Each structure stands twice: as C-alpha cells, then as structure tokens.
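Residue numbers (the numbering used here): 27 to 205.
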Ligand code: HEM
C-alpha cells in the first residue's frame, strides 16, 4: 500500500482525534515501518489494518465507518494532487465507470506497485451504474466514500447501495442511482 494512503490517514486521525491518539495507535501496532511513512514509499497493508483496528477500539467507531470517512477525505487529496485525471469527465457515472479502464490505469503509471481493486461494470445507463468490486483488502467503504464525493464534485447526489457478496467483503456489488 502506498505511503500517501498512510500519511493522509494519520493526518486525518490527528485532525479528528488528536496527536495522542495517533501516537497510541502507532505504539499499539506492530509496524515494520515503525510508523514512519513517506508518501512515495510502499508499506504492508497489514500496517493499515492494525492502525484501523486500534483506532476502532479507541473510538468505538466501526472500521467500515472509519474507512467511509477516510474515503471522503481522500477524494479531496485526489482533487488537489491529480486534478488533470478528473478534469476530463463530464459526469459522475462516466467517471466511476472509468476507474478500471482509465483512472487506476493512470495511477499504476505513477505508482507501479500500487495495490488496486478491480471494478467490473455489470450494467450502465446515463443515470445508473452497477459495478462489482473485488479486492483482498476489502476497502469497499473507502470506495463508497470516494463515490459519495464523486457525485458531490459534480454538484449532484446518488443513492448507493452496497451488497457484500461474501462474508469477508472482498467481493461487493455497488448499485448506484443518480438522483
Ligand atoms: C486505492 C488513486 C479514484 C477506489 C487507490 C490508491 C491510490 C488511488 C493511490 C492506493 C493504492 C495503494 O495503496 O497501493 C486514485 C486516484 C483516483 C482514484 C488518483 C482519481 C483520480 C478512485 C475512485 C474510486 C476508487 C473514484 C471509487 C470507488 C479505490 C479503492 C482503493 C483505491 C476502493 C483501495 C484499495 C483496494 O480496495 O484494494 N486509489 N484513485 N479510486 N481506489 Fe483509487
């Protein structure tokens, strides 16, 4: 997992819960990196999982809810860092249906060792999209947060239903309907 995902996560934890909570979750986790991340470095996903688990224990907030808020925050990182990638899209449905075929393809050019999910399009109309998310990291709620903000970016809203197709959440169906 890329360092930018860790640095932005820890910045958000500091902003929402304070530096003492950042210190606590780092100390409680068994981190090969020692909790020191650079945005271009690459680190084990298990480090993110441990940080999330300890943050969830401290705050009483479920990991999926933490990932949702983090995904919403990460969209603003994308807007700031990769405006050119978003600028070519005219609509949220166009953008979300291009994650697999364009957006993450470009991400992989920037970060060849990025660990990305796959999104398979099952149905698409002008106002709806059904996609299948697959990833061993089960970060579907991070994706949901990014999707929410994608609609906001285009000054619109959507109903997004998430259906877990297996217990561990590595396969998830997203049913997206623009309002
Ligand atoms: C992961 C970039 C748009 C879904 C990532 C990662 C980066 C990235 C850097 C982390 C890779 C790693 O840690 O190795 C971008 C950029 C985007 C974009 C630059 C737009 C310009 C989106 C959108 C979605 C999405 C719109 C909507 C669902 C995800 C998910 C992950 C991810 C769910 C977590 C990894 C996983 O589930 O396996 N993306 N992304 N991305 N991205 Fe994107």
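By construction, the Cβ of each residue, glycine as well, lies at the ideal position given by its N, Cα and C atoms. Since the model is a prediction, treat every value here as computed from it, not as a measurement.
- Its chain contains 35, 38, 168 and 171 as the residues whose beta carbon lies nearer than 7 Å to that of residue 96, once the 5 sequence neighbours on both sides are disregarded; these appear in chain order.
- In terms of Cβ geometry, residue 176 and residue 118 form a close pair [threshold 8 Å].
- In the DSSP annotation of this structure, the continuous segment of the alpha helix (DSSP H) that includes residue 73 starts and ends at 71-85.
- Residue 57 is classed as buried because its beta carbon has at least 16 other beta carbons within 10 Å across all chains shown.
- Under DSSP, residue 108 takes part in no beta bridge, so it has no partner.
- Here residue 90 has 167 as same chain residues with Cβ atoms under 7 Å from its own Cβ, once five neighbours each way along the sequence are excluded.
- Annotated three-state conformation of residue 102 is helix, per DSSP.
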